[in-house]
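Colleague:
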Amino acid sequence: MATIANLDVNLRAKTEKFDKKMKKSRGIVGMFKKSVNQLKGQLIGLAAGMGLKAMVGTFVDTGDALHKMSIRTGISVERLSQLTHAASQSGTNIDQLSQAIFRMNRRVGNAATGTGPAVRALKVLGIEAKALGKLDTEAQFMKLVDALNAVEDSSLRSQMGFEVFGDNWRQIKPLIDQGTEGIK
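Going by this note's numbering, 1241 is the number at position 85 of the sequence shown; the sequence numbering is gapless.
#1: What is the residue span of the alpha helix (DSSP H) that residue 1332 lies within?
#2: Is residue 1249 helix, strand or coil when you go by DSSP?
#3: Hey, residue 1274 and residue 1264: beta-carbon distance below 8 angstroms or not?
#4: Output the boundary residues of the alpha helix (DSSP H) element that contains residue 1310.
#5: Could you check if residue 1319 is buried or exposed, using at least 16 other CB atoms within 10 Å of its CB as the buried criterion?
#6: Find the nearest neighbour of residue 1269 within the set 1284, 1295, 1250, judged by alpha-carbon distance.
#7: Here's the rule I'm using: 16 or more other beta-carbon atoms within 10 Å means buried, otherwise exposed. How should residue 1211 be labelled?
#8: Closer than 7 angstroms by C-beta to residue 1289: which residues in its own chain qualify, once you throw out the five before and the five after it? Chain order, please.
#9: By Cβ distance below 6 angstroms, which residues in the same chain neighbour residue 1240 in space, the five residues on each side in sequence not counted?
#10: Candidates 1254, 1248, 1312: which alpha carbon is nearest residue 1227's?
#11: Suppose contacts are defined by Cβ-Cβ distances below 8 angstroms. Is residue 1321 in contact with residue 1221 by that definition?
#12: With respect to the alpha helix (DSSP H) encompassing residue 1302, which residues constitute its N-terminal and C-terminal limits?
#13: Over the uninterrupted alpha helix (DSSP H) stretch that includes residue 1279, give me the two end residues.
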């Protein structure tokens, strides 16, 4: 029986030693979990900060693009922002719209002097080039939108749109098809 008592004491000693190691391991695991959670929180904070930075950067880039587009087109930044929203709803982007309006401005100016590719288009649309040239850019654009939408023959409408807006006609046609009410 002495040997059973010795085994019992020996077993208890080993069990206590094992318990101490388990407590120590739990402590290490707990510290590891705490460190991981802190790191996770820091990463989430960093990601949120980067997301905010990216969002602010996008906002600034868009504002800058609208400002430059306003200079090129003669349309206010506020109105361009609205037009850009309407364009995006139709699958057109700000660059395509800007290029189309820039070409429209140039071609209307040329037509007012009797030259350029828009002369015939404006005649067919029933718009006097010199009178159109006296309007601000936004008013010119809206007048052309209405005139183009009044043309029932889609082939003729596309030809007139191409003569006024150039190659960008393809991209802005869905916007033009909305008409002035849809754009507003």
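Quick reminder that beta carbons are idealized off the backbone N, C-alpha and C, glycines included.
Modeller: On the basis of the supplied data:
#1: Run containing residue 1332: 1325 to 1333, per the alpha helix (DSSP H) assignment.
#2: Residue 1249: coil per DSSP, three-state reduction.
#3: A contact, by the Cβ cut-off of 8 angstroms.
#4: Residue 1310 -> alpha helix (DSSP H) spans 1310 to 1321.
#5: A residue is called buried when at least 16 other Cβ atoms come within 10 angstroms of its Cβ; residue 1319 meets this threshold and is buried.
#6: Residue 1284 is the option with its Cα nearest to residue 1269.
#7: Confidence in residue 1211 is poor, its pLDDT being 48 and thus under 50, which makes the residue's placement unreliable; the coordinate value appears in the next sentence. So residue 1211 counts as exposed.
#8: Only 1264, 1265, 1268 meet the Cβ criterion.
#9: Excluding sequence neighbours, residue 1240 sits near 1250.
#10: The shortest Cα separation from residue 1227 among 1254, 1248, 1312 belongs to 1254.
#11: By the CB criterion at 8 angstroms, residue 1321 and residue 1221 fall outside the cutoff.
#12: For residue 1302, the enclosing alpha helix (DSSP H) stretches over residues 1293 to 1306.
#13: Run containing residue 1279: 1274 to 1281, per the alpha helix (DSSP H) assignment.
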